[in-house]
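Visitor: Sharing a structure with you now.
Residue numbers (the working numbering), protein chains in the order written: chain A, 18 to 533; chain B, 18 to 533.
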């Protein structure tokens, strides 16, 4: 894509056509400046087929805010819209509407609340709340969802892999298999969710983490084609990076050639006072090969050298590798935990694409309209009760039990404040007979989750850096029940409604059914 | 992402760290300017779990070329690399290497051959061939794969959906669920592979197609919150877009409310001399609702109004909808084919992410090295014979049978020319006993597939426009056997080797096994 094209395709027109056609309808009806509120939320955790998430890690806000601050209706954008025709050849957009768009120009009329990045989040609770003139809030929808859906999806996947891998070093390797330029947002989200480093140089530069990598098979192939071999290729790498030597040992044959050659080179490094870092296994039975490679490395006195695993890893494969090593390592005279603790995971395709569930179904729904000096809740009555969004302007609370663990999230009306209540009643979002009552003595903390981020376009929030976001994530994950973190068939975390919100929702559903 | 960050993350550092560490090894060993050849190919068709592709549509080349022509090692990039440290705190990159990088600067030393965009392609044949100094060809790898893997993946998915949908209008709706900014490359690939239009405004602007869309549920919700209803919302839309009226009928209840209200508005349009375009169904049993909606529309005299279907469609769901309509429409007195021919498909998430297989496993392998005045084939001896790439500088041929259908692709050495051969021998790529011999009388055409694109950085190829690429695609798909196009369990198309290539490969494998 050429530069001028990129500016067009990634600017304010990074949206769906219907946002603009609806904006023109609002304009022509005189409704375009009407203040409304949209909630952004997702309806289900990612379900990867054989395994499923029990929590998500929220991510994407900062890059969304950067985009919102940067884009506006440029002359080129307006001219493009002016050229769009209907079937009859009439202009699709009216000049007065386009003039208004250009005068309104950008998103500086919007206010935004959000749950911070790195926080554990759950279905059906507002993660982001947008308030402002309907035409602009509507035009923002597509890009907001694009930015937040994908990063939350990948941060969640990274967290799962990180947890299953016993928090051992996790490297994001997915750039080549990522969905185009989404790779950079994916790398960022992976670094938020659980990856320690990425191989993606540009994304690492932006995120302030060191880019990580070793060498490819092609290094060994080049030497072989020139009449030399794997040993010479390894030696060349170690000569140039004596302090950073990780050798890829599977170009020819891992056990017969790669590991013995790596050990020869490591011995040379040791003689010169360097500590070799590791070997990388990229094919075959990674559990079996880890055990065999560890034995050989231990015998040569390289007990601290890492074993980097890669090749279509995900949380399930890593879980299987660890299980297999736990069972088999002792049979080869190895301490399984010690071996597991020297593993490093390089995860590419399955992390950067969230294999099994490559999209998070985040939505952006109109929940309130300001009319005649008050906020009127709005509702979409869908055919399924689980899909009916929660109306009105709301707050989200996290309720912690006596052990300090998160026990439920509670969505309430804005007017409700639970911080001083003696009792909290948690209502099921659509099964009206289900409820749970917690007394104050069972609760250690009730925490509001949404923070104010933009006040009419102005940033009123201190954006946390990567380290702060990671701390937030770690703290939230520590306060989850182990059952919620289970990679298969996780315990369902409760996202409840307050009495008042449930009753408002029911009233509106009844009214809508009557009206139609 | 801020603008300066974007330039860093999407420029020449849109690559993996190991490409740069290897480049420094080559530099320090004096091998960095050595001429080499890399082949890009994929090993398997996308397998979506319940269904699988039997061919792919090649895409992505033009945007890769734009990127290659644009990026270079800027001062900021070099300074960033200069700041990278090893564990001991030494510089990761040597000043003389960085000086060389900056002097070499860009990809203008590389030559490139490719199979054109829009062509049907198959596993293990070189889709792209890169030749030039190894350090730069290596640095290109990651971005080349990123650009070509994703677009080929999505063009393939779009083609499948287009074929199953009987080539009826297909709209790409995926921007909100796409993997970040990959959305634009995905929209382009969808337009190449089978989508007629996209809802993505920016991508449509760049591709020269009209952006398409209607309205969202929020339009109806706004009117309801303001004390009006669905009918008033529909009427407002029709007033503003009398010539482009497509109404989303499932905000309240499709059959009870949406379709009757749409018909009222359509009647008004008809009185004014306008032809309403359609209704959109976005939830529920789309086959059943299509039939009921068609009956109601027909009774009101709107037999030509389109029925746009959306909501998690893919090729399998569309196939089921068409099957169900074929069986059930006659029971309601409808002509099934006529109903199927008025359907339009709006496909979002499952197309833009290639749900089920969100990455194409394209690879980039060193296949030849120029040394002592000749090209030496290079090989990676993997643990699986199916994964051993084909060595050397090669050509790719498509063999057409007497009916004009493509019957096999043939990979040969560069020195071989099949255009005038009396007989073509097709060898299985790794099962040495399998072969097939075609006599000239059985062959209507033997077509070389690779074209020269870049000669030392200079474009020597006329890039086709979207319409030309679509013509290429249509022609290639018409010449595929129906079995290859089957969406489940497709017939396996033969990708064969010439005798000479197979024999070279075997010799190299034997030599490598001896050497290790």
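Beta carbons: idealized from backbone N, C-alpha and C, even for Gly.
Given that residue 95 of chain B touches chain A, what residues does it touch there, using C-beta distances under 8 Å?
Guide: The contacting residues do not exist; residue 95 of chain B stays about 12 Å from chain A at best.
Visitor: Pick helix, strand or coil for residue 537 of chain A, following the three-state DSSP scheme.
Guide: Outside the displayed span of chain A (18 to 533) sits residue 537 of chain A, for which this structure offers no information.
Visitor: When you compare the CB of residue 280 of chain A with every CB in chain B, is at least one pair closer than 8 Å?
Guide: With 8 Å as the cut-off, residue 280 of chain A does not count as an interface residue toward chain B.
Visitor: Give me the Cα-Cα distance between residue 115 of chain B and residue 98 of chain B, rounded to the nearest whole angstrom.
Guide: Cα to Cα, the separation comes out at about 8 Å.
Visitor: Return helix, strand or coil for residue 522 of chain A, following the three-state DSSP convention.
Guide: Helix, per DSSP.
Visitor: What are the start and end residues of the beta strand (DSSP E) that includes residue 130 of chain A?
Guide: Per DSSP, residue 130 of chain A belongs to the beta strand (DSSP E) from 128-131.
Visitor: Chain B partners of residue 42 of chain A, CB-CB under 9 Å?
Guide: Per Cβ cutoff of 9 Å: 232, 236, 250, 253, 254, 256, 257 and 258.
Visitor: Measuring only between beta-carbons, confirm whether residue 155 of chain B sits less than 8 Å from chain A.
Guide: Taking Cβ atoms only, chain A reaches closer than 8 Å to residue 155 of chain B, which makes this a yes.
Visitor: Could you name the residues of the same chain whose beta carbon sits closer than 8 Å to that of residue 286 of chain B, not counting the 5 residues immediately before and after it, in chain order?
Guide: Excluding sequence neighbours, residue 286 of chain B sits near 255, 259, 262, 292 and 293.
Visitor: Tell me, please, which residues DSSP counts as bridged to residue 513 of chain A.
Guide: Per DSSP, A:427.
Visitor: Where do the N-terminal and C-terminal ends of the beta strand (DSSP E) with residue 462 of chain B fall, by residue?
Guide: Here the beta strand (DSSP E) through residue 462 of chain B covers 460-465.
Visitor: Pick out whichever of B:297, B:251, B:512 and B:270 has its Cα sitting closest to the Cα of residue 281 of chain B.
Guide: Ranking the options by Cα distance to residue 281 of chain B, first place goes to B:251.
Visitor: What does a CB cutoff of less than 6 Å around residue 186 of chain B pick up in its chain, not counting 5 residues either side in sequence?
Guide: Same-chain partners within the cutoff: 213 and 361.
Visitor: Taking buried to mean at least 16 other C-beta atoms within 10 Å of its own C-beta, is residue 112 of chain B buried or exposed?
Guide: Classification of residue 112 of chain B: exposed, given that the 10 Å Cβ count is below 16.
Visitor: To which residues does DSSP link residue 145 of chain A through a beta bridge?
Guide: Partner(s): A:57 and A:131.
Visitor: Look at the alpha carbon of residue 273 of chain B and the alpha carbon of residue 64 of chain B, and state the distance between them as a whole number of angstroms.
Guide: Their Cα atoms are separated by approximately 40 Å.
Visitor: Taking only three categories from DSSP, how would you classify residue 255 of chain B?
Guide: The answer is helix: DSSP assigns residue 255 of chain B an H, G or I state.
Visitor: Are the CB atoms of residue 512 of chain A and residue 142 of chain A nearer to each other than 8 Å?
Guide: For residue 512 of chain A and residue 142 of chain A, yes; Cβs fall inside 8 Å.
Visitor: By the criterion of Cβ-Cβ separation under 8 Å, what are the contact partners of residue 261 of chain A in chain B?
Guide: Per Cβ cutoff of 8 Å: 38, 103, 104 and 109.
Visitor: With 7 Å as the limit, tell me which residues of the region 353-376 of chain A have their beta carbon closer than that to any beta carbon of chain B; keep them in chain order.
Guide: The region 353-376 of chain A vs chain B, Cβ under 7 Å: 366, 370, 372, 375 and 376.
Visitor: Which of the residues in the region 432-450 of chain B, read from start to end, lie with their CB under 8 Å from any CB of chain D?
Guide: Chain labels in this structure do not include chain D; the protein chains are A and B.
Visitor: If you follow the alpha helix (DSSP H) that residue 97 of chain B is part of, which residue opens it and which one closes it?
Guide: Unbroken alpha helix (DSSP H) run through residue 97 of chain B: 92-99.
Visitor: Any C-beta of chain B within less than 8 Å: which residues of the region 21-34 of chain A qualify?
Guide: Under the 8 Å Cβ criterion, the region 21-34 of chain A contributes 22, 25, 26, 27, 28, 30, 31, 32, 33 and 34.
Visitor: Of all the CB atoms in chain B, is at least one closer than 8 Å to the CB of residue 197 of chain A?
Guide: Yes, residue 197 of chain A lies at the interface with chain B (some Cβ there is under 8 Å from its Cβ).
Visitor: What distance in whole Å lies between the Cβ atoms of residue 219 of chain B and residue 167 of chain B, which are believed to be in contact at a cut-off of 8 Å?
Guide: That belief does not hold up - the Cβ atoms of residue 167 of chain B and residue 219 of chain B are roughly 17 Å apart, past 8 Å.
Visitor: Taking Cβ positions only, does residue 60 of chain B come closer than 8 Å to chain A?
Guide: It does not: the Cβ of residue 60 of chain B has no partner Cβ on chain A nearer than 8 Å.
Visitor: Going by the DSSP bridge assignment, what does residue 414 of chain A pair with across the sheet?
Guide: Its beta-bridge partners are A:427 and A:465.
Visitor: Can you confirm whether residue 91 of chain B, when its beta carbon is compared against all beta carbons of chain A, has any partner nearer than 8 Å?
Guide: Residue 91 of chain B does not count as touching chain A.
Visitor: Note down, in chain order, all residues in the region 166-177 of chain A with a beta-carbon under 9 Å from any beta-carbon belonging to chain B.
Guide: Within the region 166-177 of chain A, the qualifying residues are 166, 167, 168, 170 and 171.
Visitor: Contact between the region 216-235 of chain B and the region 30-38 of chain A: three or more CB pairs below 8 Å?
Guide: Touching, yes.
Visitor: Under a CB-based cut-off of 8 Å, is residue 88 of chain A close to chain B?
Guide: For residue 88 of chain A, the answer is no, since every Cβ of chain B falls outside 8 Å of its Cβ.
Visitor: Can you grab the Cα-Cα spacing for the pair residue 568 of chain B / residue 104 of chain A, in whole Å?
Guide: What is shown of chain B runs 18 to 533, which leaves residue 568 of chain B out entirely.
Visitor: Is the region 328-338 of chain A close to the region 174-182 of chain A, with three or more CB pairs under 8 Å?
Guide: Yes, the region 328-338 of chain A is in contact with the region 174-182 of chain A.
Visitor: Using a Cβ cut-off of 8 Å (strictly closer), state whether residue 216 of chain B contacts chain A.
Guide: True, the Cβ-Cβ gap to chain A drops below 8 Å.
Visitor: Can you tell me where the beta strand (DSSP E) holding residue 385 of chain A begins and where it ends?
Guide: Unbroken beta strand (DSSP E) run through residue 385 of chain A: 379-388.
Visitor: Rank B:80, B:178 and B:102 by C-alpha distance to the C-alpha of residue 366 of chain B and give the top, closest one.
Guide: Out of B:80, B:178 and B:102, B:178 has the C-alpha closest to the C-alpha of residue 366 of chain B.
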